[in-house]
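Written out below as structure tokens is the structure these notes cover.
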Amino acid sequence: MTRSGKDIVEFTLIYNRVKVKLYNYVLRMINDRMATEDMVQNVFLKFFENMRSIRNKSSFNFWIFKTARNEIYTYYRRKKIRIDQFGVMDSDEVDITDEFDLLNEYDKKELNELILHELDTMAYEQREVFLLKEYAGLSYKEISSVMNIEENLVKSRLFKTRKKLINRLGPKILIENI
2 MTRSGKDIVE FTLIYNRVKV KLYNYVLRMI NDRMATEDMV QNVFLKFFEN
52 MRSIRNKSSF NFWIFKTARN EIYTYYRRKK IRIDQFGVMD SDEVDITDEF
102 DLLNEYDKKE LNELILHELD TMAYEQREVF LLKEYAGLSY KEISSVMNIE
152 ENLVKSRLFK TRKKLINRLG PKILIENI
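Quick note on this note's numbering: the sequence shown kicks off at 2 and runs consecutively.
What follows is the structure, encoded as structure tokens:
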């Protein structure tokens, strides 16, 4: 199937807007750089192949992250790893601190390390909903669709995750929009 110039331009715009967030989300979930690169490439290849069939253009982000989530599950099935068994990863991999206001005694890197460490100790579902909302910027409705759970459950998990971060990190952190 040949693609029009318009399709290629549209794909390129979406790719450039989403690639870093998608890469960091996948890397954060699987902790394997090479597998992440392969997975992100597969997601974008599938997206390019299916772009025309996605009816609602505003659903592109949803479609991409839903496909990535499915790829992550496939990765763990192949590795025969239970979804709740994740190791601590290098804190330099993902920078999610853009969503936080910092107190003067902590710089962004130190706070990022603390947050990533705390996220690694939380349940997979809490970590995933937090990353999709606070890092990937998906709406509650999009997260609900990606994770195949009720929107209220998304809100509840996000609230509990934010509360745990605040309780564990104390006054070091102030999460916006709580």
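All C-beta atoms in this analysis are idealised placements derived from N, C-alpha and C, irrespective of residue type, glycine included.
In this structure, DSSP gives residue 151 a state outside helix and strand, which the three-state scheme calls coil. Taken atom to atom, the span from the alpha-carbon of residue 11 to that of residue 171 is near 44 Å.
If you look at residue 46, you'll find it in the alpha helix (DSSP H) that goes 34-51. Spanning the alpha carbons of residue 28 and residue 39 requires a straight line of approximately 11 Å.
In the structure shown, residue 80 adopts helical secondary structure according to DSSP, grouped into three states. In this structure residue 25 is in contact with residue 136, their Cβ atoms being roughly 7 Å apart against a cut-off of 8 Å. Annotation: the continuous alpha helix (DSSP H) that includes residue 7 extends over 6-31. With contacts defined as CB atoms closer than 8 Å, residue 119 and residue 163 fail to qualify as a contacting pair. In the structure shown, residue 138 adopts coil according to DSSP, grouped into three states. The beta carbon of residue 146 sits closer than 8 Å to the beta carbons of 63 and 67 from its chain, once the five residues preceding and following it are set aside; these are given in chain order. Taking C-alpha positions only, residue 18 is separated from residue 65 by approximately 12 Å. Residue nearest to residue 134 within the set 151, 115, 122 and 155 is 155 (criterion: CA-CA distance).
One Cα belongs to residue 80, the other to residue 45, and the distance between them is close to 22 Å. Residue 21 and residue 13 have their C-alpha atoms roughly 13 Å apart. By the criterion of a C-beta distance shorter than 8 Å, residue 69 is surrounded in its chain by 23, 26, 27, 40, 41 and 44, once the five residues flanking it on both sides are discounted. Ranked by Cα distance from residue 5, the first of 53, 48, 36 and 30 is 53.
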